[in-house]
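Asks: Residue numbers (the working numbering), protein chains in the order written: chain B, 1 to 342; chain A, 1 to 342; chain E, 1 to 342; chain U, 1 to 342.
One structure is given below, represented as structure tokens, and several questions about it will come after.
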């Protein structure tokens, strides 16, 4: 049993972490901090956790996070970087579900996130936690930068193809659709029920922060130069994400075999047979990325469908998978989840 | 053509008013005020109004509301009462979609709305704008208190029964369900898509502000003492409201005939045959209240189903109906709307 | 490990059973029958089960159900009663999720279900599987009639009150709201997305088949005569059910204490503090019934809110709970589920 | 006033046609046929039409369609072609909302629709009813093939670009998302609420019937050879369609100006300023196609967002627009609809 702390458990990635950790066989939940809600039982904010989580939110001061084995940051961007140094010094390992450690280029990070980075030297230490691609480095990481939801779906969907050098990597297209929970549990007009329901809309075409993350890490992992048109859309559902990926073929090969081989031993990537249509509900609440490959009319454009639950494989589930790797647990511990269908 | 002003057009009742007034044959839209959004074209906030509404939001100072024939308040509670005196003095007629003029008992209003009323003398002047019941008084009213959504559905559903004195009026039950737009266009956590979708919840059982409104006006209109258990629920849809009403029979009569007679000439109340099941989509976007009467197993409990669109007959549509009455237009002018189905 | 068979695994209660049984520590899934889909891997119909369920649908002939320890019927009404005799003779225990064994009065059953019952003598043997009320009988039952979803929510919500004889049991009201999955996985117009979304409707007021089930078993369990007005509604969500229950107080007592006491040791009934507002998502995918008690304005009407997931505690979860009781497993085995929120 | 008949008014395009025609100033609704529902008042099937449509469904025999000025076919594919000859001979003009007259190449039609065409000679007569592109021919057409919903959104979104010859027309991509009403009012499992809600899925990538329609007519209208990867998705909303279109720039020009010019006088195409994000609800229930143009990071890929209401501009609204052109009415008659928001 390891001692686990959570900073900022009042959002959707926080409650999803709690859902998973409450049942994890190797975890003792030690503290959940929220300065604003200090003293309130967690299960009062989220009655779904009644009978499962007994903790109350506590102030960071009282939480004694430095005595935890690992701390998860389920916080808005720019919080984790403020607290990372002290925990690092105390020997606490960290998994950051926010974006603070995702871009190794500090200047680029500061440009996209419009803030000065508080601990550039720790960014250099951080390992990017896309488990399927960086598994070995994650095992020994002291800080893991848990990937964004779009970057998880897009990179798992493109990696085998890009790595093999068989498509035009300068003109990739990711037409991505996310459930509304991806916007977080923040009081904002544009994610109100009456705004987002019965509506479909693109957003942030001019520059979503996940774009540099995808480009950097996909390039880094494959050695290819990456050009990507990335169009995110908001779709009227709570959970779920689909990336519809388009790539122009530059070299013939057995594309399905590329994927089958790349993910054959992966417990959380499910490559379906050529021509399959994975839907988002098939991974709802599960830590799975499900992939289907298409080549319409035997033309020169490949279409890859990649679906995840944005809160599970796209956030808290992948964070737990990272923890499992870091502490030598079964990679699937606490993650043996069957999707909730219907 | 009358000159029409709107105070506070940035919420859902505001955009619904604009949808209706933009096509009204007797209306010239003069000004829409919003201090916060002054200068922004209305159609920039609501692109659905492009090509239909050319106005920009203006400050109250520039709006020259005192030169309008009628001003609608589509504002949060306690705004209209601040501005009513000046407009009243200027001879401008007013239709308030908020609650400021709904309760004639000032002390009761102040208790429920936790504020001091700014113009009690005008409350005494105001006419309660439930058109089917107070039509004649509305025609000459200078201030109309447009009813709340729940009060509209519940009162139209109970009025014939209560007036006839054939049920136990001390133990009425209104189990009401509202779409989420009823909560308004405010940045709040509990009406986020990810909170309200795939969820069903009761709220405010201990005391919803529409309870005293229903009790007072239903009693006033029928001469009966009213006891009411009112349980509102939030249901995962944008528009629509159903009140399921339960009343214990105290005297046998032809209940269906009570309703048929009460509403026979009403253009906006549709009494369906005994045993019918009106659904909320059948009135979506229309100014109709549709009613179905049931007597399960010929027992002593009557069940009345009353559905409206909370934004149309429950707010902006009824406000336009009130305007039509006040200015001698056809009562249905601008309201010849067919519900959008599916 | 017991050997488990499922008859009819192609519907929503079927896939929910599979979700639960796939992870149950004491269960070996032996066969799933579907004459129509024989030969198709279950995970092809429900890709959410890929990597979790390896079985294919088989014909009843090949399924060797008589060698199972227990067989679940997740079939339309009138199927289980046709197959029960042979399995009974073979010593196989049965849990019927359909309605075939729910009403001990055969004439009443035949009237409501419009069919001749195929095995009246086994109905007499069957135990009504509302675990909290009939736990002891269930342990030794050879046939369990798994309760309907509405009967589960309504009876758990009313039982402490009715048993105590402190309300007018002749005039109970159950205003119930169900997610659309309750209608089953059948090709029908009225449960199409485009019909049921953005819509709220009552149905079957004149006579829902769950009415006699509630009346009989609630009366039987409490010794009280029961009069009930039951109005079911369809609400636009997939899973979830709320029963809003109204009862007239006839005798003062500590109502909250009645519930606290009745369910104090129950793992799957969560009585919240007086005045709480349980919402359906707080039990989504979990086997929990969550209850909140209200007495508006200290009047003489009690309001009880009772929420379940119609597919879990309202169907497959309760069926697994029944299996656990029948075979002496931990009652919570395979049911340690945290609701999926958001 | 012209006499209008509708064949097959029981589906979603049928009820939408009725919503529009019921208020059309120049139309007298003469007959609606449905062999299956003959005798049933239309408003019994669709209570939203109570007080607006008095007709009952009639058999084709009794409908006297040959005395109508125009007949709309709101039927499944292959029905209109069976009845067209007789109506044509009787001098009745026709607007077919199904696919029977959309592909001039009969062999291609027969291949995609897997049927033998019943009246090839009339296909040659038919005019493709994309009003903005074929306005003049439509005025005198005797048979109009009303475009499919995807073809409307995609062609209006690509036409100015393709016509100008400034993009690689051999490698266009249309990532399209449709509300579920697009699947029609048919009892099918995969469009049940419990299947389509909280879910996002692609479908028919291997070959959607709208693909040849788009390719033929876009090529015909522009003189360009067209290569198109078309991926349709089902999105959990009732109405609404977005096509996200990707095109590789081959020649620099003022792209926004191409669109502004192309649609400057169009009442039903709204080109927003460069970088705008039209959402589907902004056209809900309206006959508008709203377009936004993007050039992310000044790269060589253009992104065009094109939204319509699939039942209005994508079906019945465009059909009424065609009727207006054919009979010399104001093109906007009966179509002065403001979108229902929220």
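Ideal Cβ positions, reconstructed from N, Cα and C, are used throughout, including at glycine.
As the structure is a prediction and not an experimental result, all values here were calculated from the model.
What are the partner residues of residue 292 (chain A), as DSSP defines its beta bridges?
Replies: Looking up residue 292 (chain A) in the second chain gives position 292. Bridge partners of residue 292 (chain A): A:305.
Asks: CB of residue 77 (chain B) to nearest heavy atom of the ligand MG: below 8 Å?
Replies: Within the structure as shown, the ligand MG is missing, as the structure has no ligands at all.
Asks: Select from the segment 182–198 of chain B all residues with a C-beta closer than 7 Å to any C-beta belonging to chain A, and list them in chain order.
Replies: Against chain A - using a Cβ distance shorter than 7 Å - the residues of the segment 182–198 of chain B are 185, 187, 188, 189, 191, 192, 193, 194, 196, 197, 198.
Asks: For residue 33 (chain A), write down the residues that DSSP places opposite it in a beta bridge.
Replies: The residue you call residue 33 (chain A) lines up with position 33 of the second chain. BP columns for residue 33 (chain A) point to A:7, A:58.
Asks: Taking residue 157 (chain B) as the reference, which of B:232, B:292, B:91 has the closest Cα?
Replies: Numbered from 1 along the first chain, position 157 holds the residue referred to as residue 157 (chain B). Taking only the C-alpha atoms, the option nearest residue 157 (chain B) is B:292.
Asks: Suppose contacts are defined by Cβ-Cβ distances below 9 Å. Is residue 233 (chain U) in contact with residue 313 (chain U) by that definition?
Replies: Against the fourth chain, residue 233 (chain U) aligns to sequence position 233. Against the fourth chain, residue 313 (chain U) aligns to sequence position 313. In this structure, residue 313 (chain U) does not lie closer than 9 Å to residue 233 (chain U) by Cβ.
Asks: Under 8 Å Cβ to Cβ from residue 238 (chain U), same chain only, skipping five residues before and after it: list those, please.
Replies: For the purposes of this step, residue 238 (chain U) is taken as residue 238 along the fourth chain, with counting starting at 1. 179, 180, 181.
Asks: Can you list the alpha helix (DSSP H) stretches of 4 or more residues lying completely in the segment 84–166 of chain E, in chain order?
Replies: 106–113, 120–125, 131–139, 149–163
Asks: Kindly say whether residue 341 (chain E), judged by its beta-carbon, lies nearer than 9 Å to any beta-carbon of chain U.
Replies: Here residue 341 (chain E) refers to the residue found at position 341 of the third chain. Answer no: the Cβ-Cβ gap between residue 341 (chain E) and chain U never drops below 9 Å.
Asks: Which residues mark the beginning and the end of the beta strand (DSSP E) in which residue 268 (chain E) is found?
Replies: As a first step, residue 268 (chain E) is located in the third chain; it is residue number 268 there, counting from the start. Note, residue 268 (chain E): premise wrong, no beta strand (DSSP E); not H, not E.
Asks: For a contact defined as C-beta to C-beta under 9 Å, what are the partners of residue 237 (chain A) on chain E?
Replies: The residue you call residue 237 (chain A) lines up with position 237 of the second chain. The answer, in chain order, is 197, 198, 199, 200, 235, 236.
Asks: So with CB distances below 8 Å, who are the chain B contacts of residue 285 (chain E)?
Replies: Translated into the one-based positions of the third chain, residue 285 (chain E) becomes position 285. The answer, in chain order, is 285, 340.
Asks: Taking just the CA atoms, how far does residue 330 (chain A) sit from residue 221 (chain A)?
Replies: Here residue 221 (chain A) refers to the residue found at position 221 when the second chain is read from its first residue. Here residue 330 (chain A) refers to the residue found at position 330 when the second chain is read from its first residue. Whole-angstrom Cα-Cα distance: 25 Å.
Asks: Determine whether the beta carbon atoms of residue 214 (chain A) and residue 231 (chain A) lie at a separation below 9 Å.
Replies: The residue labelled residue 214 (chain A) in the question sits at position 214 within the second chain. The residue labelled residue 231 (chain A) in the question sits at position 231 within the second chain. For residue 214 (chain A) and residue 231 (chain A), no; Cβs fall outside 9 Å.
Asks: At least one CB of chain U closer than 9 Å to the CB of residue 281 (chain B): is that the case?
Replies: To locate residue 281 (chain B), count along the first chain from 1; it is residue 281. Yes, its Cβ sits closer than 9 Å to a Cβ of chain U.
Asks: Taking Cβ-Cβ distances below 7 Å as the criterion, which residues of the segment 140–159 of chain B are in contact with chain U?
Replies: none
Asks: Given that residue 7 (chain E) touches chain U, what residues does it touch there, using C-beta distances under 7 Å?
Replies: Here residue 7 (chain E) refers to the residue found at position 7 when the third chain is read from its first residue. Per Cβ cutoff of 7 Å: no residues; residue 7 (chain E) is ~20 Å from chain U at best.
Asks: Could you tell me the boundaries of the alpha helix (DSSP H) in which residue 42 (chain A) lies?
Replies: By one-based count along the second chain, residue 42 (chain A) stands at place 42. It spans 42–45 - the alpha helix (DSSP H) in which residue 42 (chain A) sits, taken as one unbroken run.
Asks: Rounded to whole angstroms, how far is the Cβ of residue 263 (chain A) from the Cβ of residue 136 (chain A), which I believe are closer than 8 Å?
Replies: Counting from 1 along the second chain, the entry for residue 263 (chain A) is found at position 263. Counting from 1 along the second chain, the entry for residue 136 (chain A) is found at position 136. Actually they do not touch by this definition, with Cβ atoms about 17 Å apart.
Asks: With DSSP as the reference, label residue 212 (chain A) as helix, strand or coil.
Replies: Counting from one through the second chain, the residue named residue 212 (chain A) turns up at place 212. DSSP places residue 212 (chain A) in helix when its eight states are reduced to three.
Asks: Would residue 47 (chain A) pass as an interface residue toward chain U - the criterion being a Cβ-Cβ separation below 9 Å?
Replies: Here the question's residue 47 (chain A) lines up with position 47 in the second chain. True, the Cβ-Cβ gap to chain U drops below 9 Å.
Asks: Can you find at least 3 beta carbon pairs, one from the segment 51–70 of chain U and one from the segment 27–37 of chain U, that sit closer than 8 Å?
Replies: yes
Asks: Note down the Cα distance separating residue 99 (chain A) from residue 77 (chain A), rounded to an integer number of angstroms.
Replies: If you number the second chain from 1, residue 99 (chain A) lands on position 99. If you number the second chain from 1, residue 77 (chain A) lands on position 77. Roughly 6 Å separates the two Cα atoms.
Asks: Helix, strand or coil for residue 263 (chain A)? Go by DSSP, reduced to three states.
Replies: What you label residue 263 (chain A) is simply residue 263 of the second chain in a count that begins at 1. Residue 263 (chain A) falls in the coil class under three-state DSSP.
Asks: Which residue wins for smallest C-alpha separation from residue 119 (chain E), given the options E:140, E:34, E:93, E:84?
Replies: Your numbering for residue 119 (chain E) matches position 119 in the third chain. For the residues E:140, E:34, E:93, E:84, the minimum Cα distance to residue 119 (chain E) belongs to E:84.
Asks: Please return the same chain residues whose Cβ sits closer than 7 Å to the Cβ of residue 256 (chain A), not counting the five positions on each side in sequence.
Replies: Residue 256 (chain A) sits at position 256 when you count from the first residue of the second chain. Cβ within range, chain order: 274, 293.
Asks: Using a C-beta cutoff of 9 Å, does residue 13 (chain A) count as contacting chain E?
Replies: Position 13 of the second chain, counting from 1, holds the residue named residue 13 (chain A). Judged by the 9 Å Cβ criterion, residue 13 (chain A) is not in contact with chain E.
Asks: Quick one: residues in its chain with C-beta nearer than 7 Å to the C-beta of residue 278 (chain A), no 5 flanking neighbours on either side, listed in chain order?
Replies: For this step, residue 278 (chain A) is matched to residue 278 along the second chain. Answer for residue 278 (chain A): 272, 290, 291, 292, 305, 307, listed in chain order.
Asks: Would residue 180 (chain U) count as contacting chain E if we go by Cβ distances under 9 Å?
Replies: As a working note, residue 180 (chain U) is residue 180 in the fourth chain. Yes, because at least one Cβ of chain E sits closer than 9 Å to the Cβ of residue 180 (chain U).
Asks: Measuring CB atoms only, is the segment 136–149 of chain U touching the segment 318–337 of chain U, in the sense that at least three cross pairs come out at less than 8 Å?
Replies: yes
Asks: Ends of the alpha helix (DSSP H) at residue 21 (chain E)?
Replies: The residue labelled residue 21 (chain E) in the question sits at position 21 within the third chain. 12–21 is the span of the alpha helix (DSSP H), which, as asked, contains residue 21 (chain E).
Asks: Nearest chain B C-beta to residue 278 (chain U) closer than 9 Å, yes or no?
Replies: Position 278 of the fourth chain, counted from the first residue, corresponds to residue 278 (chain U). Taking 9 Å as the threshold, the shortest C-beta distance from residue 278 (chain U) to chain B falls below it.
Asks: On the premise that residue 43 (chain U) lies in contact with residue 50 (chain U), defined as a C-beta separation below 8 Å, what is that separation, rounded to the nearest angstrom?
Replies: The residue given as residue 50 (chain U) occupies position 50 in the fourth chain. The residue given as residue 43 (chain U) occupies position 43 in the fourth chain. Approximately 4 Å separates the beta-carbon atoms of residue 50 (chain U) and residue 43 (chain U); this is inside 8 Å, confirming the contact.
Asks: In this structure, does DSSP put residue 281 (chain A) in helix, strand or coil?
Replies: Residue 281 (chain A) sits at position 281 when you count from the first residue of the second chain. Residue state, collapsed to three classes: helix.
Asks: Please determine, among U:197, U:188, U:82, U:227, the residue with the shortest C-alpha to C-alpha distance to residue 171 (chain U).
Replies: Against the fourth chain, residue 171 (chain U) aligns to sequence position 171. Nearest to residue 171 (chain U) by alpha-carbon distance, out of U:197, U:188, U:82, U:227, is U:227.
Asks: So, at 6 Å on beta carbons, what are the nonlocal neighbours of residue 13 (chain U) in its own chain, with the 5 sequence-adjacent residues on each side left out?
Replies: Taking the first residue of the fourth chain as 1, we reach residue 13 (chain U) at position 13. The residues are 74, 97, 315, 316.
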